[in-house]
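Numbering (the UniProt record's numbering), first residue to last: 1 to 164.
Just so you know, even glycine gets a beta-carbon here, dropped at the ideal spot from N, CA and C.
Have a look at the structure below, then the notes.
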């Protein structure tokens, strides 16, 4: 079965690179499991699937991975968040005082300058109705997307050297 990364890069499971990836089945299972749990959980809690997709899209755009961003954009639309896309994709700092703007500001800070994150940032999210569990989920998701971007970049480089 192809996972998100195989799907994005067009890696056939039985190709040389697909076979190489499958030599570490636990790594594939954990990466795909994290993706599904962070973006498509059965119980999203107070952080909706649309908000999760919006955060992932924002970070993928900041990381410069257009293919991954397109996948997250599709998840955003599928989760009923098509109206959020313009705000998520807008360049610069998120404007406004709404919940989505607060989440996007937090995503930008955690993704680009995590050492600058303060208690005030967490308090701003709590003031928007997010629980500690929701904030942890958002933070994990924001940290997971750069991992995906780097894994994809490494595999893209390998694809240049070996057949799919």
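The beta carbons of residue 53 and residue 96 sit about 19 angstroms from each other, so the pair does not count as a contact at 8 angstroms. In the displayed model, residue 139 falls within a helix according to three-state DSSP. Judged by DSSP in its simplified three-state form, residue 152 adopts helix. Pairing residue 60 with residue 145 gives a Cβ-Cβ distance under 7 angstroms. Annotation: the continuous alpha helix (DSSP H) that includes residue 8 extends over 4-9.
Ranked by Cα distance from residue 51, the first of 38, 24, 11 is 38.
In the DSSP annotation of this structure, the continuous segment of the alpha helix (DSSP H) that includes residue 17 starts and ends at 16-21.
One alpha carbon belongs to residue 56, the other to residue 90, and they sit about 14 angstroms apart. Take residue 142, set aside five residues on each side of it, and the residues of its chain with a beta-carbon closer than 7 angstroms to its own are 55, 59, 107, 110, 111, in chain order. Residue 134 is positioned such that its CB atom lies no closer than 7 angstroms to that of residue 75. Listed in chain order, the alpha helix (DSSP H) elements of length 4 or more contained wholly in the segment 66-115 are 66-78, 85-89, 99-112.
Nearest in C-alpha terms to residue 132, of all of 45, 19, 102, 27, is 45. Taking each of 156, 2, 120, 36 in turn and checking the Cα distance to residue 25, the smallest one comes out for 2.
In this structure, the beta-carbon distance from residue 35 to residue 8 does not fall below 7 angstroms.
Taking each of 161, 126, 155 in turn and checking the Cα distance to residue 21, the smallest one comes out for 155. DSSP places residue 12 outside both helix and strand once states are collapsed to three, so it counts as coil.
With fewer than 16 other beta carbons inside 10 angstroms of its own, residue 78 counts as exposed.
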